[in-house]
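In the numbering used here, each residue carries its 1-based index in the sequence shown increased by 228.
Heads up, the beta-carbon is just placed ideally off N, CA and C, and yes, glycines get one too.
Computed from a prediction, not measured in an experiment: that's the story for all the values here.
Following: one structure in structure tokens, then a few remarks.
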Amino acid sequence: MRNKTACAHQDLLNQLNEKISVSEKISFLHRVLRQKCSFVDRIGVAVYDPRCDILKTFAHSTEGGNPLGHYQCKLRDAGSLYQTYLDGKPRVINDLAVFDQSHSEHAKKIKAHGYRASYTVPMYQNQQLAGFVFFNSQRPGVFTEAMLPYLDMIARLVSLLVSFELKQVQTLQGALRTAICFSGHKDPETGGHLERMARFSRLIANDIARDNGLDDEFVESIFWFAPMHDIGKIAIPDEILRKPGKLTPDEFEIMKTHATKGRQMIEAMLGNFGLNGAGFVSVVCHIAEHHHENFDGSGYPRGLAGAAIPIEARIIAVADVFDALTSKRPYKEAWSNDAAFETLRDMSRWKLDRQCVDILISHRREIEEIQCVFRDEEEGHLTTEEPTAFGFSSLFHFPAADLAACVL
Numbered sequence: 229m230r231n232k233t234a235c236a237h238q239d240l241l242n243q244l245n246e247k248i249s250v251s252e253k254i255s256f257l258h259r260v261l262r263q264k265c266s267f268v269d270r271i272g273v274a275v276y277d278p279r280c281d282i283l284k285t286f287a288h289s290t291e292g293g294n295p296l297g298h299y300q301c302k303l304r305d306a307g308s309l310y311q312t313y314l315d316g317k318p319r320v321i322n323d324l325a326v327f328d329q330s331h332s333e334h335a336k337k338i339k340a341h342g343y344r345a346s347y348t349v350p351m352y353q354n355q356q357l358a359g360f361v362f363f364n365s366q367r368p369g370v371f372t373e374a375m376l377p378y379l380d381m382i383a384r385l386v387s388l389l390v391s392f393e394l395k396q397v398q399t400l401q402g403a404l405r406t407a408i409c410f411s412g413h414k415d416p417e418t419g420g421h422l423e424r425m426a427r428f429s430r431l432i433a434n435d436i437a438r439d440n441g442l443d444d445e446f447v448e449s450i451f452w453f454a455p456m457h458d459i460g461k462i463a464i465p466d467e468i469l470r471k472p473g474k475l476t477p478d479e480f481e482i483m484k485t486h487a488t489k490g491r492q493m494i495e496a497m498l499g500n501f502g503l504n505g506a507g508f509v510s511v512v513c514h515i516a517e518h519h520h521e522n523f524d525g526s527g528y529p530r531g532l533a534g535a536a537i538p539i540e541a542r543i544i545a546v547a548d549v550f551d552a553l554t555s556k557r558p559y560k561e562a563w564s565n566d567a568a569f570e571t572l573r574d575m576s577r578w579k580l581d582r583q584c585v586d587i588l589i590s591h592r593r594e595i596e597e598i599q600c601v602f603r604d605e606e607e608g609h610l611t612t613e614e615p616t617a618f619g620f621s622s623l624f625h626f627p628a629a630d631l632a633a634c635v636l
């Protein structure tokens with residue numbers, strides 16, 4: 229007998245349970261929001277990197293072109309937005325004409341897209357600023373006190389979606405760090421190296437994404453997972469990993485297995501933590517497995533060439549080699565940026581993606597800022613000296629043409 233008290237009910241937010249991107253979920257919430265607030269024409273999200281004071285676009289619901297795709301700026305340079313952070317309260321601007329004289333790029337782009345009013349809500353994670361949620365309208369004067377409580381509720385939902393995505397990333401990162409600790413392995417790379425190469429990777433990825441129709445979530449996933457590229461090395465015996473001279477052919481074959489072992493470890497952890505449905509799975513797996521593929525097909529583990537190499541792996545390879553060259557190590561002095569740039573150009577003939585190399589070189593100012601913030605103090609990262617006899621190839625006894633083999 230049918231339960232007479234039961235009634236058919238459809239969960240209006242059920243689509244949030246589907247395996248879709250954060251932008252797709254925000255677009256869905258936007259459609260729900262417009263049933264009550266038809267004047268909201270856009271929802272945007274920017275995430276905050278406190279280590280560099282960088283505010284970076286992340287996800288949006290814009291139709292007909294995103295006014296702020298692949299955009300980043302210093303929060304301290306964002307004027308009114310920086311004040312919103314200091315106040316710790318939402319910001320209502322019902323007439324964006326107040327920014328008519330502003331020189332900021334984001335203000336100009338928002339105005340050029342026809343937006344006339346905005347409501348901005350800070351996002352927090354563990355009581356620290358994580359970013360902002362933006363509601364934009366092409367009509368002035370629409371963000372009234374009567375509407376703000378409903379918008380606050382949507383902002384909290386958006387914040388939870390982003391926070392959940394970040395938590396998944398942190399879970400995977402924590403699992404991998406734990407594996408390193410329990411393995412007894414001490415990574416010879418410094419924390420500064422991983423911080424720098426992750427941010428160099430984001431510089432490259434941002435321009436690549438803009439030119440190839442890739443979204444901001446792709447860019448951030450590369451930033452998040454760049455430090456995991458060599459995770460498979462925890463499975464390599466120390467006598468090979470730490471050998472102070474050139475590896476034998478057999479030893480090098482074992483060393484090369486860190487690429488496939490890294491992917492296997494990541495896949496196992498994704499499954500164990502229930503993250504194998506996350507949107508970033510392919511990116512992190514490609515980074516671990518393919519960052520040693522060479523553009524001419526001479527790399528490993530699969531001998532992929534050119535565009536067959538996943539773009540995220542090509543990006544990581546350039547960032548990793550550049551920071552290895554410009555960092556001081558027990559067996560080498562730091563190269564100058566100019567010397568490293570020249571070597572990257574040479575390596576783009578056979579190993580590295582030329583477009584990725586050119587993009588990185590074009591960001592000298594940002595590179596120098598990253599090097600300054602994440603300097604290896606004890607190692608004296610970055611000098612103005614040119615490579616010497618103690619340069620990169622001396623430890624491994626490789627000729628200059630085989631320089632890239634040093635980044636194992």
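What separation, rounded to the nearest whole angstrom, lies between the Cα atoms of residue i and residue j?
i           : j           : result
residue 524 : residue 531 : 9 Å
residue 374 : residue 361 : 19 Å
residue 485 : residue 540 : 20 Å
residue 451 : residue 470 : 27 Å
residue 574 : residue 354 : 45 Å
residue 285 : residue 419 : 26 Å
residue 564 : residue 305 : 29 Å
residue 368 : residue 342 : 11 Å
residue 337 : residue 295 : 6 Å
residue 393 : residue 596 : 30 Å
residue 580 : residue 397 : 28 Å
residue 491 : residue 430 : 21 Å
residue 546 : residue 538 : 13 Å
residue 303 : residue 333 : 13 Å
residue 351 : residue 372 : 21 Å
residue 253 : residue 383 : 13 Å
residue 478 : residue 463 : 16 Å
residue 482 : residue 591 : 36 Å
residue 315 : residue 514 : 41 Å
residue 317 : residue 307 : 15 Å
residue 257 : residue 447 : 23 Å
residue 480 : residue 489 : 15 Å
residue 562 : residue 571 : 13 Å
residue 266 : residue 345 : 14 Å
Which residue wins for smallest C-alpha separation from residue i, given the options the options?
i           : options            : result
residue 291 : 270, 307, 303      : 270
residue 517 : 251, 379, 495, 428 : 495
residue 554 : 535, 545, 568      : 568
residue 377 : 365, 405, 469, 347 : 347
residue 533 : 556, 492, 576, 512 : 576
residue 247 : 286, 505, 510      : 505
residue 274 : 457, 479, 297      : 297
residue 601 : 264, 278, 262      : 278
residue 324 : 381, 318, 520, 366 : 366
residue 642 : 463, 339, 272      : There is no way to answer for residue 642, as the model of the chain reaches only from 229 to 636.
residue 502 : 264, 385, 395, 316 : 395
residue 548 : 315, 280, 455, 358 : 455
residue 283 : 310, 544, 262      : 310
residue 380 : 328, 322, 261      : 261
residue 385 : 466, 255, 583, 512 : 255
residue 433 : 390, 500, 300, 314 : 300
residue 487 : 552, 562, 322, 521 : 521
residue 586 : 542, 552, 459, 599 : 542
Under a three-way DSSP split, which group does residue i fall into?
i           : result
residue 290 : coil
residue 611 : Caution is warranted here: a pLDDT of 36 is assigned to residue 611, below 50, making its placement in the model unreliable, and the coordinate value is therefore given only provisionally. Looking at residue 611 - three-state DSSP - the assignment turns out to be coil, as it is neither helix nor strand.
residue 356 : strand
residue 537 : coil
residue 378 : helix
residue 274 : strand
residue 406 : helix
residue 573 : helix
residue 582 : helix
residue 617 : Residue placement at residue 617 is poorly supported in this model, since its pLDDT is 25, which falls under 50; the coordinates still yield a value, given next. Residue 617: coil per DSSP, three-state reduction.
Pull the bridge partners of residue i from the DSSP assignment, please.
i           : result
residue 346 : 321, 364
residue 301 : 283
residue 493 : None; residue 493 has no bridge partner.
residue 181 : Lying before the first or after the last residue shown, residue 181 is absent from the chain, which here runs from 229 to 636.
Considering only heavy atoms of the ligand ADP, does any lie closer than 6 Å to the CB of residue i?
i           : result
residue 509 : The model depicted lacks the ligand ADP and carries no ligand whatsoever.
Under a CB-based cut-off of 7 Å, is residue i close to chain D?
i           : result
residue 473 : The structure shown contains no chain D, having only a single protein chain.
Could I get the ranges of all uninterrupted alpha helix (DSSP H) runs contained in the segment 416-489, with 4 residues as the minimum, in chain order? 419-440, 444-453, 466-469, 477-484
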